[in-house]
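Numbering (the numbering used here), first residue to last: 410 to 682. Just so you know, even glycine gets a beta-carbon here, dropped at the ideal spot from N, CA and C. Every value quoted in this text rests on a predicted model; they were computed, and no experiment measured them. For reference, the structure is listed below as structure tokens.
If you want it as structure tokens, here you go:
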């Protein structure tokens, strides 16, 4: 499948299924991939611009932050150690820092600076090797895992940092959702080449089942993602009344997913064996 980088470069990339059924990879991966993040509009580190897109993102984000926090509160004890890997500008670490002993890691220097300024109790670390092995109760990756090329290596590192039965919580877009099928090559969550990997629900389950160090515990939806992704997809299509069409197709996607469990984005709650 050929996908254009609608967000920035307008270059064409391809997506191919890997040896793990249901897991797909972008090709080619640029050697200078960092330049594909160099935009003031990139959501990981953009500042308050007052744009409609940003206002909608912030509105949906406030609900998502509480939802994500609840996932942790329901599963681990208060004041447990939590790492948000790829913490961006620090919204989530800031949101949970009063409930947990919170760490954040962010490789992008601008986003890391923003996160460091934002938090008061959380620690933004330069390298997760500074975190003691077998010390964390949870590691979260909110729309980060799809950006990581050396996933096997990172899964091994995450495993070493978690305590026994600690949780790895991964949220990624779902290319077998209704909105992905509807928008096809315009689906904003392909986001090539920044998204190196793409995981169907079955694909993530296959990936985890192949790894004897992990056990899939629960899969939960990120219901609001369908609206934001649909809005961006409509804008890529240059649709008039893009916001109205986004509401319609975002709603259709969620209603269909009530029966299929194929939501636009899915959260995988994975336990360390």
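Report task. Compare the Cα-Cα distances from residue 463 to each of 682, 637, 675 and report the closest residue. Result -> The residue labelled residue 463 in the question sits at position 54 within the chain shown. Checking every option, the nearest Cα to that of residue 463 belongs to 637.
Query raised in the report: Taking the Cβ atom as the reference point for each residue, do residue 575 and residue 681 lie within a distance shorter than 8 Å?
Result: On the chain shown, position 166 is the one that residue 575 refers to. On the chain shown, position 272 is the one that residue 681 refers to. Cβ atoms of residue 575 and residue 681: closer than 8 Å.
Report task. Starting from the C-beta of residue 542, find all residues in its chain whose C-beta is less than 7 Å away, skip the five residues before and the five after it, and write them out in chain order. Result -> Numbered from its first residue, the chain shown carries residue 542 at position 133. Correct list, in chain order: 569, 570.
Query raised in the report: Contact between the region 602–621 and the region 645–660: three or more CB pairs below 8 Å?
Result: The region 602–621 makes no contact with the region 645–660; the number of CB pairs closer than 8 Å stays below 3.
Requested in this report: For the region 524–543 and the region 475–482, state whether three or more C-beta atom pairs, one from each stretch, are separated by less than 8 Å.
Outcome: Between the region 524–543 and the region 475–482 there are fewer than three inter-stretch CB-CB distances shorter than 8 Å, so the stretches are not counted as touching.
Query raised in the report: For residue 454, which of helix, strand or coil comes out of DSSP?
Result: Counting from one through the chain shown, the residue named residue 454 turns up at place 45. Confidence is the limiting factor: at residue 454 the pLDDT is only 46, short of 50, which leaves the residue's position unreliable, though a coordinate-based value still follows. Residue 454: coil per DSSP, three-state reduction.
**Report entry** For residue 491, the three-state DSSP class (helix, strand or coil)
**Finding:** For this step, residue 491 is matched to residue 82 along the chain shown. Three-state DSSP puts residue 491 in a strand.
Query raised in the report: To which residues does DSSP link residue 623 through a beta bridge?
Result: If you number the chain shown from 1, residue 623 lands on position 214. DSSP lists 681 as partners of residue 623.
Query raised in the report: Does the region 437–447 touch the region 636–651, meaning 3 or more C-beta pairs lie closer than 8 Å?
Result: Verdict: no, contact absent.
Requested in this report: Can you have a look at residue 410 and say buried or exposed, based on whether 16 or more other CB atoms are within 10 angstroms of its CB?
Outcome: Working through the chain shown from its first residue, we reach residue 410 at position 1. Its Cβ having fewer than 16 others within 10 Å, residue 410 is exposed.
Query - Residue from 654, 595, 631 whose Cα sits closest to the Cα of residue 667 - result: Reading the chain shown from its first residue, position 258 is the one you call residue 667. Considering only alpha carbons, the answer is 631.
Query raised in the report: Based on Cα-Cα distance, which residue from 489, 417, 567, 505 lies nearest to residue 546?
Result: Walking along the chain shown from the start, residue 546 turns up at place 137. It is 489.
Report task. Measure the beta-carbon distance from residue 586 to residue 673 and round it to whole angstroms, keeping in mind my assumption that it falls under 8 Å. Result -> Translated into the one-based positions of the chain shown, residue 586 becomes position 177. Translated into the one-based positions of the chain shown, residue 673 becomes position 264. The Cβ separation is near 5 Å, so the contact holds.
Query raised in the report: So what does residue 673 bridge to, in DSSP terms?
Result: For the purposes of this step, residue 673 is taken as residue 264 along the chain shown, with counting starting at 1. Per DSSP, residue 673 has no beta bridge partner at all.
Query raised in the report: Considering only the beta carbon of each residue, do residue 683 and residue 432 sit closer than 8 Å?
Result: For the chain, the structure presents residues 410 to 682; residue 683 sits outside this window and is missing.
Query - residue 474 - DSSP class collapsed to helix/strand/coil - result: Position 65 of the chain shown, counted from the first residue, corresponds to residue 474. The three-state reading of DSSP puts residue 474 in helix, counting H, G and I together.
**Report entry** Nearest residue (CA-CA) to residue 539, options 434, 425, 567, 592
**Finding:** Numbered from its first residue, the chain shown carries residue 539 at position 130. Distances from the CA of residue 539 to each of 434, 425, 567, 592 were compared; the closest alpha carbon is that of 567.
Query raised in the report: So, helix, strand or coil for residue 577, using DSSP?
Result: Stepping through the chain shown from its first residue, residue 577 is reached at position 168. Looking at residue 577 - three-state DSSP - the assignment turns out to be strand.
Query raised in the report: Between residue 429 and the rest of its own chain, which residues show a CB-CB distance below 6 Å, the 5 nearest in sequence each way excluded?
Result: Position 20 of the chain shown holds residue 429. Here residue 429 has 615, 616 as same chain residues with Cβ atoms under 6 Å from its own Cβ, once five neighbours each way along the sequence are excluded.
Query raised in the report: Along the chain, where does the beta strand (DSSP E) that runs through residue 360 open and close?
Result: Limits of the chain in this structure are 410 at one end and 682 at the other, which puts residue 360 out of reach.
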